[in-house]
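Colleague: The structure that follows is given in the form of structure tokens.
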Amino acid sequence: MRTDSSPTTIFRKDYTPPAYLVDTVELGFDLAPARTIVANRIVLRQNPASASHDIVLHGEEIELVQVRLNGKLLDAADYELTASSLTIRNAPAEVVLEIETICAPVENTSLSGLYVSNGNFFTQCEAEGFRRITFFPDRPDVMAKYTVMLRADKAAYPVLLSNGNLVEEGDLGDGRHYAKWEDPFKKPSYLFALVAAKLVCQEETFKLADGRDVLLQVWVEEGNLDKTDYAMQSLKNSIRWDEERFNLELDLDRFMIVAVGDFNMGAMENKGLNIFNTKFVLANPRTATDIDYAGIEAVVGHEYFHNWTGNRVTCRDWFQLSLKEGLTVFRDQEFSADMIGTDSGRAVTRIDQVRTLRQAQFPEDAGPMSHPVRPDSFVEINNFYTVTVYEKGAEVVRMYQTLLGRDGFRKGMDLYFERHDGQAVECDDFRAAMADANGRDLRQFERWYSQAGTPVVTARTRYDAVKRNFDIILSQRGQADKLPFHIPVAVGLLDANGKDLPLHLENGTHAEGATTVVLELTEQEQIFRFRQVDERPTPSILRDFSAPVILEYDYTDDELLHLFSHDSDPVNRWEAGQRLAMERLLKLTKQVATGGVANLKLDSTFINAMRAVLTDEMLDPAFRELALILPSETIIAEQMDVVDPHAIHAARQFMRRTIGASLKAELLAQYHANQTPGEYSPDALSAGKRALKNLCLSYLMVAPELAELKLAQQQFENASNMTDRSAALVAMIHSGAEAGPYLKAFYDDFDNEALVIDKWFAMQAAAPTTNVAAVRKLMQHPAFTLKTPNRARALIFNFTSANPSQFHAADGSAYEFWAEFVIKLDAINPQVAARLARGMDRWRRYVPALQAKMKLALEKVAAQKLSNDVAEVITKALAN
Ligand code: TRP
Ligand code: ZN
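Every letter in the sequence shown is one number past the one before it in the numbering used here, and letter 202, counting from 1, is 232.
This is how it looks when you write it as structure tokens:
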């Protein structure tokens, strides 16, 4: 395989402290799209923790004009310059470097470093983008104070922003102006940001808990000011929440969010100047769905919370990424749950988290890119912004709270900040703070950071009617030669009426009358005994999904039905339904694979259970919706040794069609009962009703007759919000009914709303009625471009990852399509290309005919000249 530079693997064990530390950085920018001049003055001093006197600066894709060391202009013999570094050997202990470089933002399609989006300048420096702006020790354990001078044309770039506080601004004459920014806090280079743009803002003064007034701003392109309210509200809620839950205050006088249409990820937590993908800022009822609103709240919270967990306390090296990401995801999850406020709302967010883990993290952890939450090695760090580091990392943080309690967790957080504010630290330091603050031994817990793979926990039970003992025997197994984990397993016991039994755990320390206890599984196998149990109970194991594991327990259908109708723990109640569905889906899939789709049957027991949940008005509509969604085709595939995607699709469609037909009256009744007339509000209850109503519609539309088609068409035409409008359109497209005129109407209504056009592409790409030829045709549409990640993802990624029955077309044509666009995207944006490349991770699990074609596609990509990003993914996929 050929790559730009030969890919080197970097190991965690090779960490060495930097030879030089940086005290201050003064940056001067003369901004112009084709040729930006960057002047960089850094004050360095030799690090006593290092023996080296070599100054190593990173630098990529920048042209060096000149370097001065302590005032003296260096010539080429005084330093070593490579394509990725500038090294000055045997430097004095105290050094001032003045470096001038040139870059070309308009040619930067990778969206890392300084780039242009829709005529405006933005930066993205995490993880290693700062080195594409200037030469610098671009590693997170080098923290410095920054002062930034921006100069640019005033008419084209009236707004000049950087981190911290604005200290000076003015005209330069000749149509140019300047702004000087100072960040009072030390930060690693990955948190540097600038924006030079034609933008407008919604702003507000906000009072912090300590009485200080701060200025909050949300910057967007002109014409989008009608879509900033929710982001601003979410920001204010985030600030309040962090004050109340963790006693963490905003430390700046000014906090800015800027929206940009071309962005590789969701958003970025640059100090005081968060830069966001427009998708996570812009919303009004006409353009954004309930899911979009929830995403904005979560991401605004996430980036804001990074100010403490990430910025004030940052990562020593990129192997520690989950230190900030796992913790900050956990914090944004708790924030979103607290914003809903109700127990059932909390449970709904928890179920969503479990679904994400199973849909994306478990497969990752079982595939070629499997890595521990704290990886031991990588080729390209950008490939490790993964669901494992983020979502499994958040589960690991959540387990501290489960083991230590909310108060204990808070004590650990307090100690973490007391010890490490202003430092760049390791995951181990966080664990130590949790352990020390609570007087707990958490040494074994370290394995959650060091061992990859999803642990399997197997439960057996036995009941002794004479002694009235109920034993739960838990055992665990990880991937080969992995040591036992410290696993919190929350358990409850249900009686025959479905009521929780008060628990009496032998040797337990739980409160009198507790109905859920956390068992701590630390050994390979352990027996937990419950006393005073008068009848054989139904165990509810792993309540609230208390650990990111696969739970095996031989539930009977009756037990599952019992849990599905009674479990007081909503997560396990939902889980029982998923298990009932999964058993049937797997059986049906097998039948389809061997005998085709004729003579398939779905038992009335299952249908009745679904009916009961659907019509149970005591249950939160949002919960009912989740309980009625069948496990996805991806999740079903993960349960099978040999994956036949077409059999899975047919089986799941059969089940959906049968539910739709058998529960037609109830679905229709719930459809009407869960309307949300009046002014749109994204609150959880209304969003839950819409979700349930739209799920009813989708079931009714699996095999629609005229009445159902009419219903969808009416909903499309009368919808007062994007949630209902897009749901109706999606239902039409998926049903295979003629949706052309509606698609056209949708497009015409929103042709100047980029985020809605993304939806328009995405919903077509994900429909099982859209084949690869149709996707290629959509690529010819004038609105399609590979250069904007949101657009590329909307069409290409949705097809390759959300449309399995078409992606796995028997002739392999969609695999060829995948290879073609991995290669094309790699030339534009390696980070985005590498994400697409991940789409073939699980190729070895497919039926032989498909597997062979997938391998060919992988080999076709491997034969190209590739970025390190894509090369790492493809190499790992093909490795044995
Ligand atoms: N730190 C960002 C977050 O979690 C992630 C991020 C934004 C990122 N942009 C990126 C990571 C570009 C790698 C490359 O919120
Ligand atoms: Zn983050």
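All C-beta atoms, glycine included, are put in the ideal place defined by N, C-alpha and C.
Just to confirm, does threonine 943 get its C-beta within under 8 Å of one of the non-hydrogen atoms of the ligand TRP?
Modeller: Any answer about residue 943 is impossible in this case: the structure gives the chain only from 31 up to 910.
Colleague: Spatial neighbours of valine 384 within its chain, please: C-beta separation below 6 Å, excluding the five flanking residues on both sides.
Modeller: Hits under 6 Å: Phe575.
Colleague: Measure the C-alpha to C-alpha separation of leucine 722 and alanine 749 and round it to an integer number of angstroms.
Modeller: Using only the alpha carbons, I get a separation of about 16 Å.
Colleague: Mark proline 514 as exposed unless 16 or more other C-beta atoms lie within 10 angstroms of its C-beta, in which case mark it buried.
Modeller: By the 10 Å Cβ count, proline 514 comes out buried.
Colleague: Taking the continuous beta strand (DSSP E) assigned at arginine 206, which residues delimit it?
Modeller: 206-218 is the span of the beta strand (DSSP E), which, as asked, contains arginine 206.
Colleague: With DSSP as the reference, label histidine 88 as helix, strand or coil.
Modeller: The answer is strand: DSSP assigns histidine 88 an E or B state.
Colleague: If you follow the alpha helix (DSSP H) that threonine 358 is part of, which residue opens it and which one closes it?
Modeller: 351-370 is the extent of the alpha helix (DSSP H) around threonine 358.
Colleague: Flag this pair as yes or no: are the beta carbons of valine 622 and arginine 875 separated by less than 9 Å?
Modeller: Result no, Cβ atoms of valine 622 and arginine 875 do not sit closer than 9 Å.
Colleague: How long is the line joining the alpha carbons of threonine 418 and threonine 386, rounded to whole angstroms?
Modeller: Going by the C-alpha atoms only, they are around 11 Å apart.
Colleague: Taking only heavy atoms of the ligand ZN into account, decide whether any of them is closer than 8 Å to the Cβ of tyrosine 420.
Modeller: Result yes, Cβ under 8 Å from the ligand ZN.
Colleague: What I want to know is whether the C-beta of alanine 157 ends up closer than 8 Å to one or more non-hydrogen atoms of the ligand TRP.
Modeller: Because some heavy atom of the ligand TRP lies under 8 Å away, the Cβ of alanine 157 counts as near it: yes.
Colleague: Go ahead and label proline 122 buried or exposed: buried means 16 or more other beta carbons lie within 10 angstroms of its beta carbon, across all protein chains shown.
Modeller: Burial call: exposed.
Colleague: Hey, out of Arg162, Asn150 and Ala174, whose CA is closest to tyrosine 50's CA?
Modeller: That would be Ala174, whose Cα lies nearest to the Cα of tyrosine 50.
Colleague: Measure the C-alpha to C-alpha separation of valine 427 and isoleucine 517 and round it to an integer number of angstroms.
Modeller: Approximately 12 Å, taken between the alpha carbons.
Colleague: Three or more C-beta pairs under 8 Å: does that hold for the stretch 390-405 against the stretch 323-336?
Modeller: No contact exists between the stretch 390-405 and the stretch 323-336.
Colleague: Taking the C-alpha atoms as reference points, what is the distance between serine 125 and asparagine 77?
Modeller: Here residue 125 turns out to be valine, not serine, going by the sequence shown. Their backbone Cα atoms lie some 12 Å apart in a straight line.
Colleague: Is threonine 386 near the ligand ATP - that is, is its Cβ less than 8 Å away from at least one heavy atom of it?
Modeller: What this structure holds is the ligand TRP and the ligand ZN, not the ligand ATP.
Colleague: My understanding is that isoleucine 326 touches alanine 261, with C-beta atoms under 8 Å, so please give their C-beta distance in whole angstroms.
Modeller: 6 Å between Cβ atoms; contact.
Colleague: Out of Gln683, Arg75, Tyr415 and Phe59, point me to the one whose CA is closest to phenylalanine 349's CA.
Modeller: Minimum Cα distance to phenylalanine 349 is reached at Tyr415.
Colleague: Please classify alanine 901 as buried or exposed, where buried requires at least 16 neighbouring CB atoms within 10 angstroms.
Modeller: Buried is the call here.
Colleague: Quick check on the burial criterion: 16 or more other C-beta atoms within 10 angstroms. Buried or exposed for histidine 702?
Modeller: By the neighbour-count rule (16 or more Cβ atoms within 10 Å), histidine 702 is not buried but exposed.
Colleague: For arginine 566, which residues in the same chain have their Cβ closer than 8 Å to its Cβ, ignoring the five residues on either side in sequence?
Modeller: Closer than 8 Å at Cβ, skipping near neighbours: Tyr493, Ala495 and Phe500.
Colleague: Taking the alpha-carbon positions, what's the arginine 71 to aspartate 347 distance?
Modeller: Rounded to the nearest angstrom, the two C-alpha atoms are 24 Å apart.
Colleague: What did DSSP end up calling proline 485 once you bin it into helix, strand or coil?
Modeller: Coil, per DSSP.
Colleague: Rounded to the nearest angstrom, what separates leucine 572 and tryptophan 478 at their Cα positions?
Modeller: The alpha-carbon atoms of leucine 572 and tryptophan 478 are separated by roughly 17 Å.
Colleague: Per DSSP, proline 518 forms a beta bridge with which residues?
Modeller: The partner list for proline 518 (beta bridge, DSSP) reads Glu550.
Colleague: Between glutamine 702 and the ligand ZN, is there a pair consisting of the residue's CB and a ligand heavy atom that are separated by less than 8 Å?
Modeller: Here residue 702 turns out to be histidine, not glutamine, going by the sequence shown. No, Cβ of histidine 702 sits at least 8 Å from all heavy atoms of the ligand ZN.
Colleague: Taking C-alpha atoms, which residue in Met870, Ile118, Pro878 and Leu593 lies nearest to glutamate 889?
Modeller: Selected option, being the one with the closest Cα: Met870.
Colleague: Is methionine 31 helix, strand or coil by DSSP?
Modeller: Note on methionine 31: pLDDT 49, under 50, position unreliable in the model; no value is reported.
Colleague: Can you tell me whether DSSP reads proline 170 as helix, strand or coil?
Modeller: DSSP places proline 170 in coil when its eight states are reduced to three.
Colleague: Between which two residues does the alpha helix (DSSP H) holding alanine 956 run?
Modeller: The first residue shown for the chain is 31 and the last is 910, placing residue 956 beyond what the model contains.
Colleague: Grouping DSSP H, G and I as helix and E and B as strand, with all else coil, what is leucine 127?
Modeller: Here leucine 127 sits in strand by DSSP.
Colleague: Rounded to whole angstroms, what is the Cα-Cα separation between asparagine 704 and leucine 656?
Modeller: Spanning the two alpha carbons is a distance of roughly 15 Å.
Colleague: How would you write the range of the alpha helix (DSSP H) that asparagine 193 sits in, first residue to last?
Modeller: Careful: asparagine 193 lies outside any alpha helix (DSSP H) and carries neither H nor E.
Colleague: Name the DSSP beta bridge partners of arginine 181, please?
Modeller: The partner list for arginine 181 (beta bridge, DSSP) reads Asp60 and Tyr208.
Colleague: Might you give, ordered along the chain, the residues of its own chain that have their beta carbon closer than 6 Å to the beta carbon of glutamine 247, omitting 5 neighbours on each side?
Modeller: Hits under 6 Å: Cys231, Glu233 and Met286.
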